[in-house]
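To start, the structure under review is shown below, and the notes come after it.
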Amino acid sequence: MAIILKVRLVDTGAGMALDVDESGNANVIPRANVMRTIRWQLEGEAARGAFLEIDGTPPGFQWVPGANDPALAFGEPWLGPDKKSLSITDLNNKFEVTDGVFVYTLRMELDKQVYTTLVASAKRTVTNPAIINR
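Whatever position you read off the sequence shown (first residue = 1), add 4 for my numbering.
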């Protein structure tokens, strides 16, 4: 079963941006010996749009460079058939290799306008969406 993270358009006061609902620590992935799928799902007004292509310019999903190497813990992202979902696999099974905070950026288009998550740095902040492997 996939871990679902809902993505909505929100007004930041400085314009519209994507917000990932991480309530209930939905983005915290405990260590296990099984690969899990994390799926971001466009909801509300955002569901009228679509995620950008993974290999597009700019891409629909992008890791923010940081202290942890996401290639050791995650597979390549892929889009759902209608581009309203985006998924990635997480193999959080090795302490210190797959553990960490992995900040990312999501991008989608609605009415010819591109919207993105707000990411100020690779450091975990309230506005930086992240997957936390423990």
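Heads up, the beta-carbon is just placed ideally off N, CA and C, and yes, glycines get one too. Being a predicted model, the structure only gives us computed values, none of them experimental.
| C-alpha gap between P34 and N137, whole angstroms | Distance between the alpha carbons of P34 and N137: 6 Å.
| said: For a quick check, are the C-beta atoms of T102 and T121 less than 7 Å apart? | reply: With respect to the 7 Å criterion, T102 and T121 are not classified as neighbours on the basis of their beta carbons.
| message | Considering Cα atoms alone, identify which of A50, E49 and L83 is closest to P63. | response | Out of A50, E49 and L83, L83 has the C-alpha closest to the C-alpha of P63.
| request: Count the CB pairs spanning the stretch 20-36 and the stretch 52-60 that are closer than 8 Å, and state whether there are at least three. | output: Result no; under three Cβ-Cβ pairs closer than 8 Å.
| query | Looking at the structure shown, is E57 part of a helix, part of a strand, or coil, going by DSSP? | reply | Correct three-state label for E57: coil.
| task | Can you say whether L76 is buried or exposed, counting buried as having 16 or more other CB atoms within 10 angstroms of its CB? | result | Exposed, by the Cβ-count rule.
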